[in-house]
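Visitor: Just so you know, the sequences run in chain order L, C and E.
Per our numbering, the first sequence starts with residue 710, numbered consecutively.
Per our numbering, the second sequence starts with residue 8, numbered consecutively.
Per our numbering, the third sequence starts with residue 7, numbered consecutively.
Ideal placement from N, C-alpha and C gives every residue a C-beta, glycine not left out.
Note that the structure is a prediction, hence the values are computed from the model and not measured.
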Amino acid sequence: MGNTKKMLFRAIEFVLRIIFIFCTLFPFYWMLVTSLKNRLEIHAKVPTFWPENITFENYINAFAQTRFDMFIKNSLIVTVISSLIVLVVSVLGGYALARYRFRGKNVILIIFLASQMIPMITAIIPMFILYSKLGLIDRLASLIASYTVSNIPFCLITMSSFFKRIPVSLEEAALIDGCSSFQSVVRIVLPTMLPGIMAVFVFAFTGAWNELFYSIMMISNEGRRTIPAGLMNFVQKYDIDWGQMTAAGFITLIPVTVMFFMVEKYIVAGLTQGAVKE
Amino acid sequence: MKKVNALTSIVLVLILVLSVFAGCSSGGSKVSEESTSSGTDSGSVSTDNNDNKTQTQSEITFLDTMPTPERTELLKNMIAKFEAANTSVKVEYTSVPWDEAYKKVVTMGASNTLPDVVTTDVGIMLALAQPGYAEKLTDKWNNWKYKDDLTQAAIVASNLYTYDGDIYVIPDGFLLQGIFVRTDWLEELGIDPVSLQNWTWDDYFDVIKKMTDKDKNRYGIAFRGGANGFLRFYEFLGSNLQVTNAFPDGTNKSILEDPRAIDLFKQFYGLYTEGYAPKESINWGFKEMVEGFVNGQCGTLNQTPEVTVTCQQNMEEGIWTVLPQPKTKGATKNHMTWGYSAGYLMSSSSKNKDGTWAFIEFMSSPEMNLEYSKGFGCLPIYKSCLEDSYFQSGALKGYADQLLDPNIEYFSQPTDLTQWGYFLAEYSKTEVQKYMSGKQSAEDTMANLAQWMREQYDKDVAGKQ
Amino acid sequence: MLLLPALLIVVGFMGYPLLYSVRISFLNYNLMAPNDVRFIGFDNYRKLFTDSEIKYVLLNSIKWVVTVVFFQFILGFILAMLLNKKFFGKKIYQSVVFLPWAVSGFLIGLIFKWVYSEHSGILNFMLLKLGIIDSPISWLGDGKYAMIGPITGMIWYGIPFFGIMILAALQSIPTDIFDSANIDGCSGIQKLFYVIIPFIKPTIIMTLLLRVIWVFNSPDIIYIMTGGGPANASNILSLYVFNQAFYSLDFGYGAAVGILMMALLVLYALVFLTLTRYERSGDF
Chain L
710 MGNTKKMLFR
720 AIEFVLRIIF
730 IFCTLFPFYW
740 MLVTSLKNRL
750 EIHAKVPTFW
760 PENITFENYI
770 NAFAQTRFDM
780 FIKNSLIVTV
790 ISSLIVLVVS
800 VLGGYALARY
810 RFRGKNVILI
820 IFLASQMIPM
830 ITAIIPMFIL
840 YSKLGLIDRL
850 ASLIASYTVS
860 NIPFCLITMS
870 SFFKRIPVSL
880 EEAALIDGCS
890 SFQSVVRIVL
900 PTMLPGIMAV
910 FVFAFTGAWN
920 ELFYSIMMIS
930 NEGRRTIPAG
940 LMNFVQKYDI
950 DWGQMTAAGF
960 ITLIPVTVMF
970 FMVEKYIVAG
980 LTQGAVKE
Chain C
8 MKKVNALTSI
18 VLVLILVLSV
28 FAGCSSGGSK
38 VSEESTSSGT
48 DSGSVSTDNN
58 DNKTQTQSEI
68 TFLDTMPTPE
78 RTELLKNMIA
88 KFEAANTSVK
98 VEYTSVPWDE
108 AYKKVVTMGA
118 SNTLPDVVTT
128 DVGIMLALAQ
138 PGYAEKLTDK
148 WNNWKYKDDL
158 TQAAIVASNL
168 YTYDGDIYVI
178 PDGFLLQGIF
188 VRTDWLEELG
198 IDPVSLQNWT
208 WDDYFDVIKK
218 MTDKDKNRYG
228 IAFRGGANGF
238 LRFYEFLGSN
248 LQVTNAFPDG
258 TNKSILEDPR
268 AIDLFKQFYG
278 LYTEGYAPKE
288 SINWGFKEMV
298 EGFVNGQCGT
308 LNQTPEVTVT
318 CQQNMEEGIW
328 TVLPQPKTKG
338 ATKNHMTWGY
348 SAGYLMSSSS
358 KNKDGTWAFI
368 EFMSSPEMNL
378 EYSKGFGCLP
388 IYKSCLEDSY
398 FQSGALKGYA
408 DQLLDPNIEY
418 FSQPTDLTQW
428 GYFLAEYSKT
438 EVQKYMSGKQ
448 SAEDTMANLA
458 QWMREQYDKD
468 VAGKQ
Chain E
7 MLLLPALLIV
17 VGFMGYPLLY
27 SVRISFLNYN
37 LMAPNDVRFI
47 GFDNYRKLFT
57 DSEIKYVLLN
67 SIKWVVTVVF
77 FQFILGFILA
87 MLLNKKFFGK
97 KIYQSVVFLP
107 WAVSGFLIGL
117 IFKWVYSEHS
127 GILNFMLLKL
137 GIIDSPISWL
147 GDGKYAMIGP
157 ITGMIWYGIP
167 FFGIMILAAL
177 QSIPTDIFDS
187 ANIDGCSGIQ
197 KLFYVIIPFI
207 KPTIIMTLLL
217 RVIWVFNSPD
227 IIYIMTGGGP
237 ANASNILSLY
247 VFNQAFYSLD
257 FGYGAAVGIL
267 MMALLVLYAL
277 VFLTLTRYER
287 SGDF
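As structure tokens, then:
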């Protein structure tokens with residue numbers, strides 16, 4: 710009886726996994742297929758599920774007509790710097806928010822939340838004024854600043870919710886063993902939190918990597934564009950070219966995919982091994 | 008240089024991170040101070056990164072609001088020629104995609120960060136001229152050295168680059184509507200495209216209806232239900248009523264209140280509600296319409312000449328052509344509207360107005376204007392350019408002939424209404440979409456639109472007198 | 007003290023824009039009338055209640071947020087549970103199912119617009135082929151369906167977010183808690199409700215809270231797929247206000263709506279935090 714139940718459970722899990730992966734992959738697959746078709750085939754009456762004549766024309770155009778190498782470099786600079794700052798600041802702040810009791814804690818929480826809700830329509834003009842005073846307009850630094858600011862609240866709060874889950878007893882144990890409180894955090898708590906830290910990092914990374922609005926508003930010089938803004942160039946005023954757009958889209962996915970595959974093992978890694986037993 | 012600095016800043020941050028992770032002995036508060044200062048450090052490092060401008064010559068910034076890869080190359084070539092002729096001025100080319108251009112330019116205006124030269128359409132011009140972000144070019148225009156060579160079309164349409172009596176934009180070239188048609192579809196129907204050269208609106212509607220064949224997934228018209236779609240109806244209305252502006256009586260009673268207007272409205276939007284256009288086209292803007300025509304879903308497209316370039320690139324040869332805009336039956340004059348595509352506007356906050364003006368003047372000289380018009384696909388502003396063989400043959404001939412037609416009468420847009428841009432992009436779009444989707448009657452829709460025109464006229468025109 | 011860097015950065019960069027927004031929301035601040043900037047009290051706020059479209063758009067916003075977050079959360083939770091076990095090919099599987107999160111909203115909008123396209127779209131083709139519908143449906147052009155496209159796009163985008171966050175939380179559950187639960191003879195369902203959920207409650211609360219705010223303020227997929235049309239049928243408040251303010255250049259009014267939206271969200275956050283007793287959860 711117990712075994713059949715287990716089998717059934719496994720089967721359900723299996724089916725669910727298949728469904729998930731199918732739904733996830735389908736849009737990607739369709740994007741890839743479209744990017745490999747020529748224009749006539751893209752708009753054919755009966756869509757083909759695999760291109761009849763594979764063409765790399767769209768990819769060649771994407772590279773020939775834009776400076777994708779430049780966009781990728783800019784995106785990397787902006788994204789890496791801002792997400793590292795976000796990470797450090799969030800670990801510090803998240804810890805404080807989770808562990809210490811102090812007055813005005815809720816106020817701080819609300820300040821962070823509120824900063825996420827400031828209406829973009831009106832915020833963008835004073836931001837321009839502020840940045841032009843700081844000499845940041847049309848500089849990558851303006852994007853680094855914007856992305857850092859917009860990602861901190863979320864990352865910090867999430868981080869604090871991760872800290873909250875780590876039993877205080879874990880730290881206390883370390884204290885007893887003679888660690889300073891800072892040591893105990895660094896040596897004991899942070900390693901346990903690695904998956905959470907990685908998740909937050911991934912969030913800050915993708916948030917900055919994909920951001921379009923600031924990038925378009927703040928950067929005018931082609932040489933300083935990031936990938937999403939560069940991609941926007943494919944949506945020209947005169948036409949929608951699905952082949953080129955999907956090709957360009959696919960290219961932008963490659964770096965993030967690589968990052969995902971690299972970081973993933975940290976999120977997966979079982980982490981409780983080595984944690985202090987209660 | 009750049010790379011090294013970027014690397015340094017990354018390394019800096021990495022070191023910081025490591026120091027936080029490794030620094031066992033330091034107290035919490037100290038670490039937090041370090042991280043603040045280094046956070047700003049890394050920001051400023053990357054600022055310096057890109058700050059390798061030279062100050063030896065004056066530099067002006069040029070912002071193009073409708074970049075495409077071809078157009079960007081065209082403009083860069085022209086800029087290179089300008090720099091070769093004026094070695095003391097250097098032009099930095101920048102751009103913003105059209106869809107976001109309005110928002111960006113307005114924001115730049117309000118925060119006093121506008122570049123020296125911006126390419127603008129009427130909407131952007133109005134948004135920049137009224138608050139005083141744009142430089143008045145009236146005197147310069149009046150003393151323009153090529154003034155006598157300007158086409159009649161440029162002179163007649165000058166109210167489009169004028170606001171409150173002053174000129175703010177030097178037009179780059181003109182765009183007017185023409186009807187792109189699928190000639191192969193016409194042949195199947197036994198219609199000779201040549202016979203349509205002098206067609207009326209009724210002929211046009213008739214062709215659209217005949218072309219529609221839902222079983223074959225064919226529709227007669229690539230309809231524009233999205234932003235600025237109202238302009239096509241506005242044009243149709245003006246042509247039929249034979250008027251030259253939206254308020255022909257000089258009162259707040261607009262042409263939308265003309266007794267014939269409601270039937271014309273039903274007739275025009277009937278093309279959509281009766282199924283001669285794809286249902287989806289209720290949201291269509293510029294790009295979607297062109298796509299609908301190019302991919303063989305729609306048989307006609309009411310568009311401007313620069314679209315010919317897209318069609319040439321993406322459609323088989325010989326299956327399409329451009330016909331003139333239809334005329335009103337029995338009318339002697341042909342009332343229509345046209346406008347500049349992307350004129351040059353100077354920012355009033357420019358620090359180098361002489362250099363900027365030299366640039367605009369260069370870009371608008373007959374020689375450059377001809378090069379630009381050919382490359383971009385618009386009609387030049389000079390008579391001498393229009394006579395060029397390029398505009399006297401091929402798809403553009405139809406457009407050029409229309410402009411040279413002695414019976415053409417200019418039908419203006421009410422740019423005195425400060426909110427006209429908002430009306431085209433937002434208000435009329437929503438109201439008309441309500442009608443198109445069956446949520447609101449034609450009568451109510453027209454009443455709302457007319458009401459809006461009345462109120463705005465009272466506020467902006469009557470209120471000023 | 008540890009909070010200082012975060013606070014300094016956020017307040018430093020967002021404080022001025024916020025104060026500026028509050029100030030102009032009380033002004034007659036229209037760029038089209040630059041000589042007529044004056045204090046008008048609550049007029050901008052009052053105007054809000056005379057705007058007949060607002061109610062409709064607000065309702066759409068609520069529909070949008072509730073459906074999107076609900077499905078993102080449920081499906082994300084299931085995904086995390088599925089991934090919290092060992093199985094063949096898990097490493098690759100996990101990286102793949104998390105991928106949508108790495109895609110920009112802009113690109114998602116485009117892909118889904120392409121899939122939902124009335125005539126060249128693959129969805130209509132498949133539905134026709136399977137005989138589920140007899141004529142192409144205008145998914146994005148018909149007010150009845152216009153929300154469906156952007157909503158599915160947004161759900162697709164957000165499932166991995168919940169998946170990653172919940173999975174990360176699940177994995178930091180110390181194994182000994184499970185051990186003791188097993189000793190106590192808990193069934194799978196019991197474990198879920200009495201061990202797992204309470205343990206990851208802080209994460210659930212926080213992700214839900216932030217997600218709601220975020221989805222509320224993220225119209226990019228809608229903007230690209232339908233532009234909010236037809237006739238506002240798929241418009242949400244953040245996009246509506248944005249367009250209204252920019253095209254009419256009435257920034258005073260735009261700011262007023264923005265501030266009101268913010269107040270609404272802060273209120274929501276407060277109520278949510280109080281109801282879920284976030285402060286006390288996780289202290290065990």
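Does the stretch 146-160 of chain E come close enough to the stretch 173-185 of chain E to have 3 or more Cβ pairs within less than 8 Å?
Guide: Contact fails: fewer than three Cβ-Cβ distances are below 8 Å.
Visitor: Give me the chain E residues within the contact set of C/M443, using Cβ-Cβ distance strictly less than 8 Å, ordered along the chain.
Guide: Residue mapping note: residue 443 of chain C aligns to position 436 of the second sequence, counting from 1. Those are P236, A237, listed as they occur along chain E.
Visitor: Along chain E, which residues have their Cβ under 7 Å away from the Cβ of C/E433?
Guide: Within the second sequence, numbered from 1, the residue matching residue 433 of chain C stands at position 426. Those within 7 Å of C/E433 in chain E are N249, Q250, Y253.
Visitor: So the candidates are L/F780, L/P937, L/S893; which of them puts its Cα closest to the Cα of L/A882?
Guide: The sequence position of residue 882 of chain L within the first sequence is 173, counting from 1. Measuring from the Cα of L/A882, the nearest candidate turns out to be L/S893.
Visitor: Taking the Cβ atom as the reference point for each residue, do E/I114 and E/Y151 lie within a distance shorter than 7 Å?
Guide: As a first step, residue 114 of chain E is located in the third sequence; it is residue number 108 there, counting from the start. As a first step, residue 151 of chain E is located in the third sequence; it is residue number 145 there, counting from the start. No, the pair does not count as a contact, with Cβ atoms beyond the cut-off.
Visitor: Buried or exposed for L/A823, going by 16 or more other Cβ atoms inside 10 Å?
Guide: In the first sequence, the residue the question calls residue 823 of chain L occupies position 114. L/A823 should be labelled buried.
Visitor: Judging by CA-CA distance, which residue of C/I367, C/Y175, C/K223 is the nearest neighbour of C/G306?
Guide: Here residue 306 of chain C corresponds to residue number 299 of the second sequence, with the count starting at 1. C/G306 has its Cα closest to that of C/K223, out of C/I367, C/Y175, C/K223.
Visitor: Let me confirm a value: C/T61 is counted as buried when at least 16 other C-beta atoms fall within 10 Å, else exposed. Which label applies?
Guide: The residue you call residue 61 of chain C lines up with position 54 of the second sequence. With a pLDDT of only 43 at C/T61, under the threshold of 50, the placement of this residue in the model should not be trusted; the figure read from the coordinates follows. The residue is exposed, with fewer than 16 neighbouring Cβ atoms inside 10 Å.
Visitor: Can you tell which of C/T72, C/L70, C/P76, C/I67 has its C-alpha closest to the C-alpha of L/A773?
Guide: Taking the first sequence and counting its residues from 1, one reaches residue 773 of chain L at position 64. Of the listed residues, the one whose Cα sits closest to L/A773 is C/P76.
Visitor: Nearest CA to the CA of E/K92: which residue from E/Q177, E/D190, E/S224, E/W145?
Guide: As a position in the third sequence, residue 92 of chain E is number 86, starting the count at 1. Of E/Q177, E/D190, E/S224, E/W145, the residue nearest in Cα terms is E/Q177.
Visitor: In this structure, how does DSSP classify C/D220 when only helix, strand and coil are distinguished?
Guide: Taking the second sequence and counting its residues from 1, the one referred to as residue 220 of chain C is at position 213. Residue state, collapsed to three classes: strand.
Visitor: Does C/P331 have its Cβ less than 7 Å from a Cβ in chain E?
Guide: The residue given as residue 331 of chain C occupies position 324 in the second sequence. Output row for C/P331: interface = no.
Visitor: Since L/L902 is in the alpha helix (DSSP H), which residue starts that stretch and which ends it?
Guide: Walking along the first sequence from the start, residue 902 of chain L turns up at place 193. Residue identity differs from the one stated: residue 902 of chain L is Met in this sequence, not Leu. First-last of the alpha helix (DSSP H) with L/M902: 899-919.
Visitor: Report the neighbours of L/K754 on chain C: residues whose CB is nearer than 7 Å to its CB, in chain order.
Guide: For the purposes of this step, residue 754 of chain L is taken as the residue at position 45 of the first sequence. What L/K754 touches in chain C: N224.
Visitor: Looking at the unbroken beta strand (DSSP E) that takes in C/L182, where does it start and where does it end?
Guide: As a position in the second sequence, residue 182 of chain C is number 175, starting the count at 1. Per DSSP, C/L182 belongs to the beta strand (DSSP E) from 181-183.
Visitor: Around the C-beta of C/P421, are 16 or more other C-beta atoms found within 10 angstroms, so that it is buried, or is it exposed?
Guide: If you number the second sequence from 1, residue 421 of chain C lands on position 414. C/P421 should be labelled buried.
Visitor: Per DSSP, C/G346 forms a beta bridge with which residues?
Guide: Within the second sequence, the letter at position 339 stands for residue 346 of chain C. Paired residue(s): C/L182.
Visitor: Below 8 Å on the Cβ atoms is my contact criterion, and I expect E/Q196 with L/E973 to pass it. Report the Cβ-Cβ distance as a whole number of Å.
Guide: Here residue 196 of chain E corresponds to residue number 190 of the third sequence, with the count starting at 1. Here residue 973 of chain L corresponds to residue number 264 of the first sequence, with the count starting at 1. Not really, about 31 Å apart at Cβ, beyond 8 Å.
Visitor: Ends of the beta strand (DSSP E) at C/E99?
Guide: Taking the first residue of the second sequence as 1, we reach residue 99 of chain C at position 92. Counting along the chain, the beta strand (DSSP E) containing C/E99 begins and ends at 96-102.
Visitor: In chain C, what lies closer than 8 Å to E/P40 by C-beta?
Guide: What you label residue 40 of chain E is simply residue 34 of the third sequence in a count that begins at 1. What E/P40 touches in chain C: Q137, P138, G139.
Visitor: Taking C-beta pairs closer than 7 Å, name the residues in chain E that L/E722 reaches, listed in chain order.
Guide: Translated into the one-based positions of the first sequence, residue 722 of chain L becomes position 13. The answer, in chain order, is L88.
Visitor: Starting from the beta carbon of L/M941, find every residue of chain C whose beta carbon is closer than 7 Å, and list them in chain order.
Guide: The count along the first sequence starts at 1 and reaches residue 941 of chain L at position 232. Going along chain C in sequence order, the residues near L/M941 (Cβ under 7 Å) are P104.
Visitor: Taking any Cβ of chain E, which residues in the stretch 267-292 of chain C have a Cβ under 9 Å from it, in chain order?
Guide: From the stretch 267-292 of chain C, only P285, K286, E287, S288, I289, N290, W291, G292 have a Cβ closer than 9 Å to chain E.
Visitor: Could you tell me whether the Cβ of L/M740 comes closer than 7 Å to any Cβ of chain C?
Guide: Here the question's residue 740 of chain L lines up with position 31 in the first sequence. Chain C contact via Cβ: absent.
Visitor: Under the rule that 16 or more other beta-carbon atoms within 10 Å means buried, what is E/R52, buried or exposed?
Guide: Position 46 of the third sequence holds residue 52 of chain E. So E/R52 ends up on the exposed side.
Visitor: So the candidates are L/F863, L/Y856, L/M829, L/I838; which of them puts its Cα closest to the Cα of L/G802?
Guide: For the purposes of this step, residue 802 of chain L is identified with residue 93 of the first sequence, where counting begins at 1. Nearest option by C-alpha distance: L/F863.
Visitor: Under three-state DSSP, which class holds C/E281?
Guide: The residue given as residue 281 of chain C occupies position 274 in the second sequence. C/E281 falls in the coil class under three-state DSSP.
Visitor: How is the alpha helix (DSSP H) around C/I131 delimited, first residue to last?
Guide: Your numbering for residue 131 of chain C matches position 124 in the second sequence. C/I131 -> alpha helix (DSSP H) spans 129-136.
Visitor: Threshold first: 4 residues or longer. Then list the alpha helix (DSSP H) segments lying entirely within the stretch 199-286 of chain E, N to C.
Guide: Whole alpha helix (DSSP H) segments, 4+ residues: 203-222, 226-231, 243-254, 257-282.
Visitor: What is the C-beta distance between E/G258 and E/N34, in whole angstroms, given that I count them as a contact (C-beta under 8 Å)?
Guide: Translated into the one-based positions of the third sequence, residue 258 of chain E becomes position 252. Translated into the one-based positions of the third sequence, residue 34 of chain E becomes position 28. Their Cβ separation, rounded to whole angstroms, is 6 Å, which keeps E/G258 and E/N34 in contact under 8 Å.
Visitor: Identify the continuous beta strand (DSSP E) that holds E/I46 and give its terminal residues.
Guide: To locate residue 46 of chain E, count along the third sequence from 1; it is residue 40. Careful: E/I46 lies outside any beta strand (DSSP E) and carries neither H nor E.
Visitor: For C/I415, report the span of its beta strand (DSSP E) as first-last.
Guide: Working through the second sequence from its first residue, we reach residue 415 of chain C at position 408. Per DSSP, C/I415 belongs to the beta strand (DSSP E) from 415-417.
Visitor: Count the other CB atoms, across all protein chains shown, that sit within 10 Å of the CB of C/G236; report buried if there are 16 or more and exposed otherwise.
Guide: In the second sequence, the residue the question calls residue 236 of chain C occupies position 229. Looking at its Cβ environment, which holds 16 or more other Cβ atoms inside 10 Å, C/G236 is buried.
Visitor: Report all residues from its chain with a CB closer than 7 Å to the CB of E/L216; omit the five preceding and five following residues, and keep chain order.
Guide: Stepping through the third sequence from its first residue, residue 216 of chain E is reached at position 210. No residues qualify anywhere along the chain.
Visitor: Any heavy atom of the ligand GTP inside 6 Å of the beta-carbon of C/E77?
Guide: Absence of the ligand GTP from the depicted structure is noted, as is the absence of any ligand whatsoever, leaving it without description.
Visitor: Once the 5 residues before and after C/P138 are set aside, which same chain residues still bring their CB inside 7 Å of it?
Guide: Residue numbering aside, residue 138 of chain C sits at position 131 when the second sequence is read from its first letter. Result list for C/P138: G116, in chain order.
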